[in-house]
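Have a look at the structure below before the remarks.
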Amino acid sequence: MNALRSVVLGCGSYLPEKTLTNKDLEQIVDTTDEWIVQRTGIQERHIAAEGEYTSDLGLKAAQAALANAGVDASSIDLIILATSTPDNTFPASATTIQAKLGITHGAAFDVQAVCSGFVYAVATADAYLRGGLAKRALVIGAETFSRILDWEDRTTCVLFGDGAGAVVMEVREGDAAEMGEGVLSSQLRSDGRHKDKLFVDGGPSTTQTAGHLRMEGKEVFKHAVGMVTDVIKAAFAATGTTADDLDWFVPHQANKRIIDASAKKLGIAPEKVVTTVQLHGNTSAASIPLALDSIVREGKVKKGDLVMLEAMGGGFTWGAVLLRW
């Protein structure tokens, strides 16, 4: 019996030119390079230039992904942008990217699940593709978190950066009995009771301002490892696979200690874990595609490799996608 699967054709990423190192931050807030690296693993982050918006970052990542996939923008009939920092309250920044790519057909919209956004977007694209609502999708994670940071709050402003990543996906028919290429399992969760642990203190309906990011770091850390291992184990159970079967573990790049603790708890070998947080900090919905693109560009990911994507973000939201390259 045949089944439809969503396969990844290519990926791309973009980081703004400006970098902000830990040494630079020492001149802005009361912190040290040693403190930041010891607690997070972050060494630098990228900051969008004045007049450079989330859609601009997303567009460049999308163009790189299209080039890597070897397909033309005109073949895309679905664009999903994961972001918590859109250009405007509306319209969706995905439609801005759609227009700049010269696409006038299909659908484009944003999804908002904070740091879990890219996982949610991939799962949504998978459902659209397998459901016959689209044939080829562009899934993007793009953020300009520097615009919602309180640069006087040393507990949060050192953690985040700007960036974008993207993948091109299309639907293909394959044998349902085989663990062939494509998305094998998507596991999504949320629990709104944890809102006050990670949120932005503004919005159109409340303060009529963008607001600033607020976080209870210890509380987020306490929940993160358990939550991400839950969805990863669910993905393994749904597909009859184990950590030993994995070729690559691509987690949300928020904190190296969380990444290491999650991998250890799941029994994932260190050489399979992709870590790029040191290079760009927490870029929220952009962090997974940025990390994924780094190993694709290095030629490390081979056809047939089993890849696990996972993230946890404000809400709380969390999720995992298991796919065969």
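Once you know that position 39 of the sequence shown is 1428 in the working numbering, the rest is easy, because the numbers rise by one and skip nothing.
The beta carbon of each residue, even a glycine, is placed where N, CA and C say it ideally should be.
Opening and closing residue of the beta strand (DSSP E) in which residue i lies
i: Asn1457; result: No beta strand (DSSP E) holds Asn1457; the alpha helix (DSSP H) holding it covers Thr1443 to Ala1458.
i: Ile1498; result: Note on residue identity: the sequence assigns Phe, not Ile, to residue 1498. From DSSP, the beta strand (DSSP E) with Phe1498 extends over Ala1496 to Val1500.
i: Pro1640; result: Trp1637 to Pro1640
i: Thr1533; result: Arg1525 to Thr1533
i: Phe1588; result: Leu1587 to Val1589
Span separating the alpha-carbon of residue i from that of residue j
i: Thr1443; j: Thr1410; result: 21 Å
i: Glu1650; j: Thr1493; result: Strictly speaking, residue 1650 in this sequence is Ala, with Glu absent from that position. Using only the alpha carbons, I get a separation of about 45 Å.
i: Val1396; j: Phe1610; result: 33 Å
i: Leu1414; j: Arg1536; result: 16 Å
i: Gly1399; j: Leu1527; result: 10 Å
i: Ala1510; j: Ala1502; result: 9 Å
i: Gln1597; j: Arg1543; result: 25 Å
i: Glu1687; j: Leu1446; result: 21 Å
i: Arg1713; j: Gln1416; result: 45 Å
i: Ala1437; j: Glu1699; result: 25 Å
i: Val1710; j: Ser1673; result: 16 Å
i: Thr1485; j: Thr1595; result: 26 Å
i: Leu1470; j: Pro1480; result: 12 Å
i: Leu1679; j: Val1685; result: 10 Å
i: Gly1495; j: Asp1461; result: 14 Å
i: Thr1420; j: Ile1431; result: 13 Å
i: Asp1633; j: Ile1468; result: 34 Å
i: Val1418; j: Ile1425; result: 12 Å
i: Gly1708; j: Ile1657; result: 17 Å
i: Asn1671; j: Leu1548; result: 6 Å
i: Lys1645; j: Trp1637; result: 16 Å
i: Lys1607; j: His1583; result: 13 Å
i: Gly1615; j: Ala1643; result: 15 Å
i: Ile1648; j: Thr1664; result: 8 Å
i: Gly1702; j: Gly1491; result: 32 Å
i: Tyr1403; j: Ala1652; result: 27 Å
Whole-number beta carbon distance between residue j and residue i, since they are thought to touch under 8 Å
i: Thr1545; j: Asp1539; result: 7 Å
i: Gly1554; j: Gly1530; result: 5 Å
i: His1435; j: Lys1412; result: Contact flag wrong, Cβ pair sits at about 15 Å.
i: Leu1393; j: Glu1562; result: 6 Å
i: Arg1603; j: Phe1625; result: At roughly 34 Å, the Cβ-Cβ gap does not stay under 8 Å, so Arg1603 and Phe1625 are not in contact.
i: Asp1682; j: Gly1440; result: Contact flag wrong, Cβ pair sits at about 25 Å.
i: Thr1472; j: Gly1506; result: 7 Å
i: Ala1512; j: Ser1575; result: 4 Å
i: Val1556; j: Ala1627; result: Not quite, the Cβ-Cβ distance comes to about 21 Å (not below 8 Å), so this is no contact.
Coil, strand or helix - residue i by DSSP
i: Phe1705; result: coil
i: Asp1413; result: helix
i: Arg1543; result: coil
i: Gln1576; result: strand
i: Asp1466; result: coil
i: His1435; result: strand
i: Thr1598; result: strand
i: Glu1660; result: helix
i: Asp1551; result: strand
i: Leu1655; result: helix
i: Val1418; result: coil
i: Leu1711; result: strand
i: Lys1645; result: helix
i: Gly1581; result: helix
i: Lys1489; result: helix
i: Thr1408; result: strand
i: Val1666; result: helix
i: Val1690; result: coil
i: Ala1632; result: helix
i: Leu1336; result: Coverage of the chain is limited to positions 1390 through 1714, which leaves residue 1336 absent and any answer about it impossible.
i: Ala1337; result: Since the first residue of the chain shown is 1390 and the last is 1714, residue 1337 is not available in this structure.
N- and C-terminal bounds of the alpha helix (DSSP H) containing residue i
i: Arg1395; result: Sequence inspection shows Ser at residue 1395; the Arg mentioned does not correspond to that position. Per DSSP, Ser1395 belongs to no alpha helix (DSSP H); it is in the beta strand (DSSP E), Asn1391 to Tyr1403.
i: Val1426; result: Asp1422 to Thr1429
i: Val1620; result: Gly1606 to Thr1628
i: Val1511; result: Gly1506 to Arg1519
C-beta neighbour in chain B for residue i, strict 8 Å
i: Arg1578; result: Here there is only one protein chain, and chain B is not present.
Proximity test, residue i beta-carbon vs the ligand ATP heavy atom, cut-off 7 Å
i: Gly1656; result: As far as ligands go, the structure on display features none, and thus does not contain the ligand ATP.
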